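Take a look at the structure set out below.
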Amino acid sequence: MTTTEPQVTSARRRGVAVARTRHASARVLAVLARSVAIFVPVFLVATFVTFALRSLSGLSPARIQLGEDATPEAIARIEAQWGLDKPFLTQYWDWFSGVLHGELGSSWVNGADISTLIGLGLGVSLSVATFALVIGVVVGFVLGTVAALRRTTAIDRAITGFVTVISVMPAFVVGIVLVAVLAVGFGLFPSAGYIPAEQGVGPWLAHITLPALALSFDVIADVARQLRSSLIGAYQENYVTGAMVRGLSPRRIFFGHVLRNGLGPTLATLGQKFPALVGASVVTEWIFGLQGFGRFANDSAQAGDVPAVQGVLVVSIALVVSFNLIINLVLARVMPASQRGV
Amino acid sequence: MVRRVLALTSGRIAVTILALIALLALLGPWLAPQNPLATSDNALAATSGAHWLGTDYLGRDVLSRLLDGSRISVLGSLEVALVALVVGAIPGILSVYLGRAFEWFTLRIADTLVALPFLLFAIAVIALLGNGITQAMLVTGVLVSPLFYRVSRAATLAVARSPYVEAAIVSGASIGWIVRRHVWTKVLPPIAVALAQTIGVGFVIVSSLTFLGIGVQPPEPTWGGLLASDLGYLSHRPWAPVAPALLIMVTVWACNLLADAIRDVSGEAGRALANDHKARANRREAAAGPHPAGGSR
Amino acid sequence: MSPLTHDTLTSRPAGTAETTFDAPGTADAPDASAAGPVLALHDVRITDRVTEREIVHGVTFELTPGKAVGIVGESGSGKTLTCRAALGILPPHFEITAGRIDLAGTDIATLTPRQWTDLRGATISAVFQDPASYLNPAIKVGAQIAEVIRVKQGLKRRAARRRAVELLGAVRLRDPELVYGQYPYELSGGMLQRVLIAAAIAVEPRALIADEATTALDVTVQAEILDLLAELRERTGLALVVVSHDLAVVAHLCDEVLVMRQGEVVEQGETRAVLHDPRHDYTRLLIAEHDSYGLDTFLAPKEAS
């Protein structure tokens, strides 16, 4: 290896480089394939369960449209109209192929297209959820990092205490406190309502700040806690000793080695947190009077509008699945050793 | 293990709080000074001798409603945890022994349940299956059961495939002894931790659901419901949400504290923690003592 | 290997902690001795703060450039702690409670963290048992070597990369270009130990501590790694501290040997002298155990019982 000819070396190097890029794209494909292999069954089971719900519930559009004292003939006619007289699996298949084409059917209550209805609320909910994620990740990151770097000091204990307090506050408690203090008490923010970003970024931010804050507490707590413990864990790894012995500075060891490995579990936590975030939007949208996706879910469920509820669930699962897909891709980028697991 | 948990300050605090809350749930309805459902003209009253926590928008005594509502909130979260334990732990343990097909199937179900935004799903299922507290608890229990599935499966796997159990079998230890010595000590602590966590999580979910008015019929008081009715009158009684909110938070905190205490006293982490305390104490002693160098004794 | 020859076969019994150790190896390497010892330990004692027990009861030795000192002992004898103390990486709760360690002429008790950072890698470095765990699992091994070169020598990305590949070749890895772009989990234990050595010698330290560096490896790979260390020492004048529970490993590489047991140095002296004429029972036991494994190649005129 000491006396290789230059041409040979450069050719080899090119070969190695090509192999490396192929390696990288193959890894991305592998991650995608593995995630799909996990999420396709998830999607199938979840949609099947949501669909089976209707049969179990015994709810029917006839009841909603005709009232309690309808004749059996009238009920049968309406159910046939909605295709509810077909065998269960046929109904499921019809509905499922519709879902694959992006059609979620129409509402039992007013016959409106459910995809459109959900699309209207989704903008609100996604604005709030994204903002909540940003707040949660940034604040959680800072708190977790500082606590890990100053562990067993008063700063660490203060942060850990703060994180404990906010982690036991359910979103609706945070929401009420925020409304009471910042909206009603000081009048800093509007207590309810929504203004789309097109009508001005300022008002838009003002309206989504409180709900986003309410949602973000949980994320802050989880990110901070996970980051703190995985950073502390990473600091106990031998490779930190190895890097120290090689004479790397503490700063470089933190940013180049510890953070990189500590980030993995934190990202994974974020992926697991996302469904809860989507779920909690029901509560915050109720508190802050936002006509979002969660509010729509709640209203439809209370009204017994089964297709609407199914549509909401499908969309929420799709959201969770795509978010986790992104997380997995980032994870694969940050730590290639996470080959096992996901 | 109970004794070791109680040896920790955090464990003692957690157990005390939880015992008080449980007592509240058992005795709350009798302790209530007034009828929690009786309305009066004295609406939205401030704190007074007659109404320690004031009255709500229908003039009902808030303290009575709080005490009366404790039963549903507390028993509800216990029910959630027990349902989750049964639904999760049994397939979790069986998944190690019943072959690959069962394993694959249960793993996919667990993945699915984890991926569901469970508050949303719980609302949907409860609304469709009929609005009742039992449905609410069952559905919530099933939705949080993957935690038990994972924990019990991991513990069983660790025990079933661990070299030390094999070694014990090879060296002729009786099954009973192995179960007592290895399986029990490995499986029980993580399940206990998960149980404490789930009671906390269940508490949040039950409160969230009752906050939205799901799972209970309107006049019946719950802690979540109290908060919901306070929301509309914040400008009149800004302090009203404090009592139920604090109760919810303290209960959840005590559950988490208990989970941490159990985790701390079991396994490797526990030993490291004890060492840490000892070393710090020793160093302080050495620094304070007459021999500041602290060397050999 | 160029064994340094002495006629003073000093072999020190246990318990003489207060006697200063006058490096016997320096007599034959005048140019090296001019630079002074790279690493000198004087009666180093280490205490565990948890149990308040002294774990290491006084270790003394001196390492001059090009010299190799071996520390032999069973696990728990304190040999690893001694090395870690010299590197300034004692585990939490452990402290040096007496004695002093001089690194390139400076007492390490006076070093600031920044000075430590400058000294590690450039003056003293180390490789350990279980090489896989001492490399960051998420970063390509080549990049980890190049990082050290970039940081410590200020080389540009390109140049650092070229130098890292050279180093991978220098530690006798068969395909340095390929290895450069691989992750730790893609390499075998022997390869990883070579990578670790390459990273350790990247900025040409004066002393290298090899703490059980060959313990987890196959016998053949072990021999290759030992040869590599011997070669590095010969070529670059790298001073070595070789820690092992295996007397044969130490005999293979070292001029001087310390035999440790339960934190006590029970025997210390020139390797051949210790092997030929062990004073302490424990040393005799170690040698006797090795007789059946072909250690007699090092014990030609065998006279030990």
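Chains as they are written, first to last, in my numbering: chain A, 37 to 378; chain B, 4 to 300; chain C, 6 to 310.
The C-beta atom is built at its ideal place from N, Cα and C for all residues, glycine as well.
None of the values given here were measured: they were computed from a predicted structure.
- The beta-carbon of Phe324/A is placed no less than 8 Å from the nearest beta-carbon of chain B.
- Setting aside the 5 residues that flank it on each side, Gly307/A is surrounded in the same chain by Asn360 and Ile363, each with a C-beta closer than 6 Å to its C-beta; the list follows chain order.
- DSSP, read as helix, strand or coil, puts Asp123/C in helix.
- The beta carbon of Phe105/B does not come within 8 Å of any beta carbon belonging to chain A, so the residue lies off that interface.
- The alpha helix (DSSP H) runs of length 4 or more contained entirely in the region 252-336 of chain A are, from start to end of the chain, 274-281 and 295-323.
- Beta bridge pairing from DSSP links Ile51/C with Val61/C and Ile101/C.
- With distances taken between CA atoms, Ile265/B lies nearest to Val196/B out of Gly227/B, Val196/B and Thr159/B.
- Taking the beta carbon of Pro226/A as reference, no residue of chain B falls within 9 Å; the closest one sits roughly 14 Å away.
- Below the 7 Å Cβ cutoff, chain B contributes Pro120 and Leu123 as neighbours of Ser352/A, in chain order.
- For Glu273/A, the chain C residues whose C-beta falls within less than 8 Å of its own C-beta are Ser138, listed in chain order.
- In the DSSP annotation of this structure, Asp216/C is not part of any alpha helix (DSSP H); the continuous beta strand (DSSP E) holding it starts and ends at Ala212 to Asp216.
- With a cutoff of 8 Å on beta-carbon distance, Phe177/A and Val276/A are scored as not near each other.
- With its beta carbon less than 8 Å from one in chain A, Phe214/B belongs to the interface.
- Burial check for Thr117/C: the Cβ neighbour count within 10 Å stays below 16, so the residue is exposed.
- Selection Gly340/A, Val351/A and Arg369/A evaluated against Trp144/A yields Gly340/A as nearest (Cα-Cα).
- A Cβ-Cβ distance of about 6 Å is found for the pair Asp216/C and Ala131/C, placing them in contact under the 8 Å criterion.
- The Cβ-Cβ distance between Leu116/B and Leu146/B falls below 8 Å.
- Contacts between Met140/B and chain A, judged by CB atoms closer than 8 Å, are missing: the closest CB pair is about 17 Å apart.
- No Cβ-Cβ contact shorter than 8 Å links Arg6/B with Val99/B.
- The Cβ atoms of Leu251/A and Phe225/A lie no closer than 8 Å to each other.
- Proximity of chain C to Gly283/A at the Cβ level (cut-off 8 Å) is accounted for by Thr122, Asp123, Leu124, Arg125, Gly126, Ala127, Ser130, Val153, Val156, Lys157 and Val208, in chain order.
- For Val209/A, the enclosing alpha helix (DSSP H) covers residues Ala207 to Leu214.
- The straight-line gap separating the alpha-carbon atoms of Val247/C and Asn141/C is approximately 24 Å.
- For Gly227/B, the enclosing alpha helix (DSSP H) begins and ends at Trp226 to Leu234.
- If you draw a straight line from the Cα of Leu11/B to the Cα of Thr56/C, it comes to about 21 Å.
- Between Ala312/A and Leu124/C, the alpha-carbon positions lie close to 50 Å from each other.
- One finds nothing in chain C with a Cβ atom closer than 9 Å to the Cβ of Thr320/A; even the nearest lies about 36 Å away.
- Per DSSP, Gly195/C lies in no beta strand (DSSP E); the unbroken alpha helix (DSSP H) holding it starts and ends at Gly194 to Ala205.
- Against chain A, the beta carbon of Thr115/B has neighbours under 9 Å at Pro77, Val78, Phe79, Leu80, Val81, Ala82, Val85 and Ile353, listed in chain order.
- Judged by DSSP in its simplified three-state form, Phe133/C adopts strand.
- By the criterion of a C-beta distance shorter than 6 Å, Tyr128/A is surrounded in its chain by Phe87, once the five residues flanking it on both sides are discounted.
- Here Phe66/C carries a strand assignment [DSSP, helix/strand/coil].
- When Cβ-Cβ separations below 8 Å define contact, Thr302/A makes no contact with chain C.
- Per the C-alpha coordinates, the member of Leu80/A, Val199/A and Ala270/A positioned closest to Phe132/A is Leu80/A.
- Residue range Glu261 to Arg266 is occupied by the beta strand (DSSP E) that includes Arg266/C.
- Using a C-beta cut-off of 8 Å, the region 295-309 of chain A makes no contact with the region 176-188 of chain C, since fewer than three inter-stretch Cβ pairs fall below that distance.
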